[in-house]
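See structure below.
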Amino acid sequence: MHSRPWIILAVLVAVLVGLSWWRLSIGAHPADPVALKQILSIRRSHLASGLIVGGALSLAGVLLQGLLRNPLASPDIMGLASGAGLAVMIASYIAFTMGSQAAPGSSPLVPALVGAFATLALVYALSQRRGVIDPVSMVLVGVIISITAAAGTLLVQQLLPDRGLYSGRWLFGGIDEDAGWWRIGG
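Quick note: the sequence shown uses the numbering used here, first residue 891, plus one each step.
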């Protein structure tokens, strides 16, 4: 009975490895050996970056579920993702009103971290009753904060001249073209 989860995990890992290998091998063959080497290097760095980011997101969800003892807890349900998004949009709006067009070179990482931690502190503070944190209340407060922050994000996005296309693109997420090995290792 206890071996079943390990079998499922092994099958999922095998599928992941198979799909990863398949993704690396897609393309015109036979290709120029130099070009093929460069393409495979880029694809491997994107694959490694995606695996690291996916693992970090799943770890964040598992940690929240374990700490709160609630299977519904996750960064998006708890409002952390929405709080980070709202902070990025507010930073873009402030940069726009100060005269800087939130240049594509500027990184939204700092506002996102500040927004996520501020949201976490707010959820933590609002979910206390008589000094005790109730995990169910924390999830419900997180959902309310998440919805409110998402609405605020849309409002600020409409105030930006480009309707927040640059910041909105960042909020969707993705692996940049320059996600090379130097970024993964550094």
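We put the beta carbon where it would ideally sit given N, CA and C, even for glycine.
Provide the residue(s) that pair with residue i in DSSP beta bridges, ordered along the chain.
| i | result |
| --- | --- |
| Ile-1023 | Gln-1018 |
State the DSSP-derived secondary structure class of residue i, mapped to helix, strand or coil.
| i | result |
| --- | --- |
| Met-1028 | helix |
| Ser-939 | helix |
| Gly-1064 | coil |
| Pro-965 | coil |
| Ser-1057 | helix |
| Ser-948 | helix |
| Pro-1001 | helix |
| Pro-1051 | coil |
| Gly-933 | A small correction: the amino acid at residue 933 is Arg; Gly does not occupy that position in the sequence shown. Arg-933 falls in the helix class under three-state DSSP. |
Since residue i and residue j are thought to touch, with beta carbons under 8 Å apart, how far apart are those beta carbons, to the nearest angstrom?
| i | j | result |
| --- | --- | --- |
| Arg-933 | Leu-914 | 5 Å |
| Ser-972 | Thr-1043 | 7 Å |
| Leu-1055 | Tyr-983 | With 8 Å as the limit, Leu-1055 and Tyr-983 do not qualify as a contact, their Cβ atoms being about 13 Å apart. |
Starting from residue i and walking both ways along the alpha helix (DSSP H), at which residues does that stretch end?
| i | result |
| --- | --- |
| Pro-895 | 894-915 |
| Met-979 | 970-987 |
Contact between the stretch 935-953 and the stretch 1000-1011: three or more CB pairs below 8 Å? no
Count the CB pairs spanning the stretch 1014-1023 and the stretch 977-992 that are closer than 8 Å, and state whether there are at least three. no
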